[in-house]
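**Student:** Can you keep this structure in mind? I'll have questions shortly.
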Amino acid sequence: MFQESQTFADTRARTSRAIGLARVLCILGIVYVHAWTGLYGPALSALDHTPQGLLRWGLIELLARSSVPLLSLVSGWLVGPSLARRGARAFLAGKARTVLVPMLAWNAIAIVVVSGAAWLGWLYAPQPTSWGWLANELTGLVHPNEINVQMPFLRDLFLCLLVAPLLVRQGDRTLAVVAVAALAWSLAPPLFPLLQRPSILGFFVLGMLVRRHDAAARIAGAPLALIAMPYLALSGVKIWLELYGQAHGLASPLLLACVDLAMRAATALCFWALAWRLAQTRAGEALSRLEPAMFLLFCCHLILIWCAGPAIGALTGPLGAPLYPLFLLTQPLLALGATLLLGAALRKMSPPLAQWLSGGRLKD
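Using UniProt numbering, the first residue of the sequence shown is number 1, and each one after it goes up by one.
Here you go:
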């Protein structure tokens, strides 16, 4: 009995560390999705099939796109015990403080800093065009933000958390129906902006089911060859479609969306297996120390990229320049370094402010 209890405690501790490592890997990957290129519109599209364009595409489509599904799964996995421990009212108040308030605060900071710098002529970035634009940029109510383009995740996650007290009371069959419906909704053309990324709800509910059936460790501990097989197969399909799909008449939006969704799920599975294995290594122990700063990095990295990207890009050149790949590959580390400095400064100036802006993650 003691041995079984010890094994359960070890598994729980390893799972907790793996979740922290998954957050580190995912949010560093998100930086690649939003990496500075120095190009826009047709000029950026013209380089899609060049070596640098394909490098950027591979980092985003074959790796970083897993971030939102895995973060959504983790959020769903955590929600049940949190609700049971605190009750619905305290749970929702806490999530408003740690998800909604930072989202609104960082959107406001982005408007002041990024749009203000654009208004002064220091950089090229969106500026307020109407009160409606300002309201949407602050809340993401109707369509995705133009500056903090990552914030629809927090917006939709908060909506998922609002209905979590209802979802946890449902049976497995109902949750499965909700998950499948949400994933199917994500494949449909956008009609009603209740959820801007419905797949977040789908993976959130799947995370609840994984927790309910105690499957996180079993999934992560499966043989690597078995875990990697769907990822490798879908990577081949996705690469082929990117290079030759249009020429063969296979550029159907529905087909591409289905492959993309499956690819995100397969990549998220691989990253979870990686985090699980890192959790028992020295490298994992070192990486886990970064986890408290990850939410801050998620919230502020677009502001850093908008403001610092052009300055660094002036030295390396934009996408297509010989030195640009070095800048591209190091952008997550540069953003992380700046975030750690920002977090230290916030804690020194005002610990309460540091906690509010980091969703309670940065503590004394």
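Glycine residues also receive a C-beta, built at the ideal position from the N, C-alpha and C atoms. From a predicted model like this one, the values you see are computed outputs, not experimental measurements.
What whole-angstrom Cβ distance do S72 and I219 have, given they're in contact under 8 Å?
**Tutor:** With a Cβ gap of about 15 Å, S72 and I219 do not count as contacting.
**Student:** Between A125 and the rest of its own chain, which residues show a CB-CB distance below 8 Å, the 5 nearest in sequence each way excluded?
**Tutor:** Cβ within range, chain order: V114, S115, A117, A118, I147 and W306.
**Student:** For G324, collect the residues of the same chain with a Cβ closer than 7 Å to its Cβ; drop the 5 residues on either side in sequence, then sort them by chain order.
**Tutor:** Per the sequence shown, the amino acid found at residue 324 is Tyr instead of Gly. So the qualifying residues of the chain are Q52, T316, G317 and P318.
**Student:** Taking the CB atoms as reference points, tell me whether V259 and L241 lie closer together than 8 Å.
**Tutor:** Yes, they are a contact pair.
**Student:** Jot down the residue ranges of each uninterrupted alpha helix (DSSP H) in the region 187-270, minimum 4 residues, whole runs only, in chain order.
**Tutor:** Those alpha helix (DSSP H) runs which fall completely within the region 187-270 and span 4+ residues are 199-212, 216-220 and 224-240.
**Student:** So the alpha helix (DSSP H) W36 belongs to, where does it begin and stop?
**Tutor:** Taken as a continuous stretch (DSSP letters only), W36 belongs to no alpha helix (DSSP H), as it is neither H nor E.
**Student:** For L297, which residues of its own chain have a beta-carbon under 7 Å away from its beta-carbon, when the five flanking residues on both sides are left out?
**Tutor:** Excluding positions up to five away in sequence, the list reads I27, A335, L336 and T339.
**Student:** Since I believe P165 is in contact with L83 (beta carbons under 8 Å), could you give me their beta-carbon distance rounded to a whole number of angstroms?
**Tutor:** Confirmed, about 6 Å.
**Student:** Suppose contacts are defined by Cβ-Cβ distances below 8 Å. Is S66 in contact with G29 by that definition?
**Tutor:** A contact, by the Cβ cut-off of 8 Å.
**Student:** Quick one: residues in its chain with C-beta nearer than 6 Å to the C-beta of A18, no 5 flanking neighbours on either side, listed in chain order?
**Tutor:** The residues are A275, W276 and A279.
**Student:** Out of D172, L250 and P351, which one is the CA nearest neighbour of H213?
**Tutor:** Closest by alpha carbon: D172.
**Student:** Measuring alpha carbon to alpha carbon, tell me which residue in N136, M151 and A88 is nearest V163.
**Tutor:** Selected option, being the one with the closest Cα: A88.
**Student:** Take P351 as the anchor and find which of L341, L362 and L342 has the nearest alpha-carbon.
**Tutor:** Cα-wise, what sits closest to P351 is L362.
**Student:** Please list, in chain order, all residues of the same chain as L304 whose beta carbon is under 7 Å from its beta carbon, the five residues on each side excluded.
**Tutor:** These residues qualify, in order along the chain: A335 and A338.
**Student:** To the nearest angstrom, report how far apart S235 and T267 are at their CA atoms.
**Tutor:** S235 and T267: Cα-Cα distance of roughly 9 Å.
**Student:** Given that a residue counts as buried once 16 or more other Cβ atoms are within 10 Å of its Cβ, and exposed if not, what is L346?
**Tutor:** Classification for L346: buried.
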